[in-house]
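Peer 1:
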Amino acid sequence: MCYMMMYTRRGACRWPPGPRPWPILGNLLDLRGGNLHHNLARLAHTHGPVMTLKLGVVCTVIVSSQDAAWEAFAKHDRRIAARTVPDTRRAVAHADRSMVWLPSSDPLWKTLRGIAATHIFSPRSLASAQGARERTMNHILYTFRRRAGQEVDIGHVLYHGMFDLLTNTLFSLDGQDKLRDILEDIVALLAEPNVSDLYPLLRVLDLQGLRRWTATHMNRVFHVLDKIIDTRLGEGNHDQDVLDTLLALMTTGKMSRRDVKTMLFDVLAAGTETTKITVEWAMAELLRNPGVMAAVRTEMKGTLTQTQGRMITEADVAKLPYLQAVVKESMRLHPVAPLLLPHLVEEEGVEIGGYTVPKGATVIFNSWSIMRDPAAWERPEEFVPERFLGKTELGMWGKEVKFIPLGTGRRLCPALPMVELLVPFTVASMLHDFEWRLPQGMSPDQVDVTERYTSNDILVMDVPLKVVPMVAT
Ligand code: HEM
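Using the numbering used here, read the sequence shown as starting at 4 and increasing by one per residue.
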């Protein structure tokens, strides 16, 4: 019997309401068909912004409004900062060493987050990797230029580009096709719905073999990373990139070799798809809203007067507030992680909306709903970048809980400083160097922005965006 239900019967505390669960299946039938984040939003309309669901036998509390999310993060951030770990992430004991999955109370999590903040995402580290970002952007633009006049799946180009950008930043290498292919295999495995996550007692059997397969692929990734590390250790002469820094920490005993590989894996796995999809959504919204596209172009033309004939830089992009607003508005409407990552309550004392959420419960934040909450946003379904203009408090770091595309609090995406630079820089570079036309016969209102939620917690475009780059004159 569900831990949460035992509490209710004893009358010890007041559980959030929710639809009546079926034996064994719980509320799975309520979530049939469609996208998970949409189904959860629909159920929240009936049962309220703090709602209990049983996913199989796993009791889960769904938070769907700005007010409830504010209460959760402002009052209980520390208590809810562990993770519910999907079974595939237990392969090769990954979750025990990974900053994505360790509870925030674990000293190793604190160490790893500290290392990432200081040596990967700090202003200094990002500045020293600026060259790598600009080189890779140049290559992305070159790829589009070669395809000028033809229909291009921009997500495909961006995926390769973002992966190269990260491998360049991490270990000054690109063209790591083998590594990219294995990572793609792993992402596909993680996207499979897994019966072990709905019925934890079955975990030991790994009925679909997903944990075993993930282990095989992860070992392959670690093998490739081992080779990269060995080569670097043998070189002696270093480039002073992230790998150098991590290896220096390893030499002084602050990280193990396994920690170094796990961190490299986490950054590559968490960073490639997310950035690519965010840029793809922003481009889709721009093409769908010609008025907004025209306003961005006017801003760029008026501000970037000295960039004719050269690539723009991140410093140029910092002078484009309207473009930055476009990116934020697109992230508000189409958050890549519409349910963030699953939080887990690790301490008693959590009350949200007058209901008790006990230790051991999973908490899911429906950031898609929160960022369309009509109590927080005017005309929440519309694409209106102007709403972000002059609102410094509406930054990506989620100070205002109504805008949390990267989460907020302790588990806030550690890559935020990189995302803030990279996403607007990519969109602006694409607009600076190209006019983007829709395929023959397609009008802006036909750009398909149907969302598809995948089981690895990511929101993709159901129909990949295809557009025609024309070299800007
Ligand atoms: C536009 C791009 C991105 C978006 C929208 C995004 C969003 C998110 C979100 C929503 C979370 C979970 C927050 C929570 O559970 O409360 C997260 C966590 C994380 N992200 Fe990102 N992310 C992006 C890019 C990146 C990049 C580029 C990297 C690495 C280079 C990265 C690394 C991570 C890691 C390691 C975590 C787990 C942190 C933890 O649990 O302590 N993300 N991200």
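Cβ coordinates follow ideal geometry from the N, Cα and C atoms, glycine included.
(1) Leucine 344 by DSSP, collapsed to three states: which one?
(2) Going by the beta-carbon positions, is the gap between alanine 285 and valine 450 smaller than 8 Å?
(3) Between the Cα of cysteine 416 and those of Val471, Arg390, Met54 and Leu343, spot the shortest distance and give me the residue it belongs to.
(4) Exposed or buried, which one is threonine 230 when buried takes at least 16 other CB atoms within 10 Å?
(5) State the DSSP-derived secondary structure class of methionine 374, mapped to helix, strand or coil.
(6) Indicate the three-state DSSP secondary structure (helix, strand or coil) for leucine 462 in the structure shown.
(7) Where are the beta strand (DSSP E) runs, 3 residues long or more, that stay fully inside the region 355-435, in chain order?
(8) What does DSSP give as the partner residues of glutamate 454 in its beta bridges?
(9) Please list, in chain order, all residues of the same chain as alanine 47 whose beta carbon is under 6 Å from its beta carbon, the five residues on each side excluded.
(10) Does DSSP classify arginine 136 as helix, strand or coil?
(11) Going straight from the alpha carbon of threonine 11 to that of isoleucine 315, what length do you get?
(12) Cα separation between glycine 352 and isoleucine 407?
(13) What would DSSP say about arginine 440, mapped onto helix, strand or coil?
(14) Do three or more CB pairs link the region 69-87 to the region 363-379 at distances below 8 Å?
(15) Do valine 320 and the ligand HEM come close, with the Cβ less than 7 Å from some heavy atom?
(16) Kindly indicate which residue of Arg206, Val387, Arg150 and Asp269 has the alpha-carbon position closest to the one of isoleucine 123.
(17) Since glutamate 396 and lysine 405 are thought to touch, with beta carbons under 8 Å apart, how far apart are those beta carbons, to the nearest angstrom?
(18) Could you name the residues of the same chain whose beta carbon sits closer than 6 Å to that of lysine 264, not counting the 5 residues immediately before and after it, in chain order?
(19) At a cut of 8 Å, does the region 100-113 reach the region 135-146 through at least three beta carbon pairs?
(20) Can you give the Cα-Cα distance for isoleucine 232 and threonine 278, rounded to whole angstroms?
(21) At what residues does the beta strand (DSSP E) containing isoleucine 65 begin and finish?
(22) Using 8 Å as the threshold, is the C-beta distance between valine 348 and alanine 364 below it?
(23) Note down the Cα distance separating alanine 96 from leucine 424, rounded to an integer number of angstroms.
(24) Are valine 387 and glutamate 332 touching if we call contact CB-CB under 8 Å?
(25) May I ask you to check if the CB of proline 427 is nearer than 7 Å to at least one heavy atom of the ligand HEM?
(26) Going straight from the alpha carbon of histidine 346 to that of valine 452, what length do you get?
Peer 2: Based on what the coordinates show:
(1) Coil.
(2) It is not a contact, given that the beta carbons lie outside the stated cut-off.
(3) Nearest in C-alpha terms to cysteine 416, of all of Val471, Arg390, Met54 and Leu343, is Leu343.
(4) Contrary to the premise, residue 230 reads as lysine rather than threonine in this sequence. That one is exposed.
(5) Correct three-state label for methionine 374: coil.
(6) In the structure shown, the three-state DSSP call for leucine 462 is strand.
(7) Within the region 355-435, the beta strand (DSSP E) runs of at least 3 residues that lie entirely inside it are, in chain order, 358-360 and 365-368.
(8) For glutamate 454, which the question treats as bridged, DSSP gives the partners Met464.
(9) Non-local beta-carbon contacts of alanine 47 in its own chain, meaning distances under 6 Å to residues more than five positions away in sequence, involve Met54 and Ser67 in chain order.
(10) Note: arginine 136 maps to helix in three-state DSSP.
(11) Reliability fails at threonine 11, whose pLDDT of 45 lies under 50, so the model's placement of it is uncertain and no value is given.
(12) Answer to the nearest angstrom: the Cα atoms are 24 Å apart.
(13) In the structure shown, the three-state DSSP call for arginine 440 is strand.
(14) By the C-beta criterion, the region 69-87 is judged to be in contact with the region 363-379, since at least 3 inter-stretch pairs fall below 8 Å.
(15) Valine 320: no, Cβ never under 7 Å from the ligand HEM.
(16) Isoleucine 123 has its Cα closest to that of Asp269, out of Arg206, Val387, Arg150 and Asp269.
(17) That belief does not hold up - the Cβ atoms of glutamate 396 and lysine 405 are roughly 10 Å apart, past 8 Å.
(18) The beta carbon of lysine 264 is closer than 6 Å to those of Phe225 and Leu228 in its chain, skipping five residues each way along the sequence.
(19) No, the region 100-113 does not touch the region 135-146.
(20) Taking the Cα positions, isoleucine 232 is about 26 Å away from threonine 278.
(21) 61-66 is the span of the beta strand (DSSP E), which, as asked, contains isoleucine 65.
(22) In this structure, the beta-carbon distance from valine 348 to alanine 364 falls below 8 Å.
(23) For alanine 96 and leucine 424, the distance between alpha carbons rounds to 33 Å.
(24) Cβ atoms of valine 387 and glutamate 332: closer than 8 Å.
(25) Taking non-hydrogen atoms of the ligand HEM into account, the C-beta of proline 427 is found less than 7 Å away from none of them.
(26) Computed Cα separation, rounded: 28 Å.
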